[in-house]
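Novice: One structure follows; several queries about it will come next.
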Amino acid sequence: MKSDEWLNYVKGVMFHFRQPVPGFNAVIHTNVPVGSGLSSSAALEVATLAFLEQLTGKKVASAAEGAKMCQRAEHTFANVPCGIMDQLIAIGGRADHALLIDCRFVKLYHFSLHKEFEG
């Protein structure tokens, strides 16, 4: 990957966000190596979406819609024909919960890891 190709993931999410975005300065820092198999592109897309939601005060309708937006960004701006699994996992994770994802219907199901121990 060329040194600036990663920016296409950010540009794609900004394009598909479809809301006015004010000017901003940002720094992205990571220790995750590109191409390491750790879903770095999906993580960057979802982090960009979360940043845009905070910056504009506009939220996507659901985690599934956010995942689909990030997937479209990867398809159209990075030219990577990816599935949606990595985006669903990145956007749907919750502390102390297992996550069941259904990629066919783009659905998320959360299960408490502590439920059986609760009163």
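According to the working numbering, the sequence shown is numbered sequentially starting from 20. Just so you know, even glycine gets a beta-carbon here, dropped at the ideal spot from N, CA and C.
In the structure shown, what three-state DSSP assignment does Ala45 receive?
Specialist: coil
Novice: Between Ala40 and the rest of its own chain, which residues show a CB-CB distance below 7 Å, the 5 nearest in sequence each way excluded?
Specialist: Ala is not the amino acid found at residue 40; the sequence shown has Val there. Contacts found: Met33, Leu71, Leu74, Thr75.
Novice: List the whole-angstrom C-beta distance separating Ala61 from Ala109, where the pair is believed to meet the contact cut-off of C-beta under 8 Å.
Specialist: 5 Å
Novice: So for Ser59, helix, strand or coil by DSSP?
Specialist: helix
Novice: Is the beta carbon of Glu84 sitting closer than 8 Å to the one on Glu64?
Specialist: no
Novice: Given a cut-off of 8 Å, decide if Ala117 and Phe130 are closer than it, judged by their beta-carbon atoms.
Specialist: yes
Novice: Give the straight-line distance between the Cα atoms of Pro52 and Gly31, rounded to the nearest whole angstrom.
Specialist: Each residue's Cα considered, the two are about 21 Å apart.
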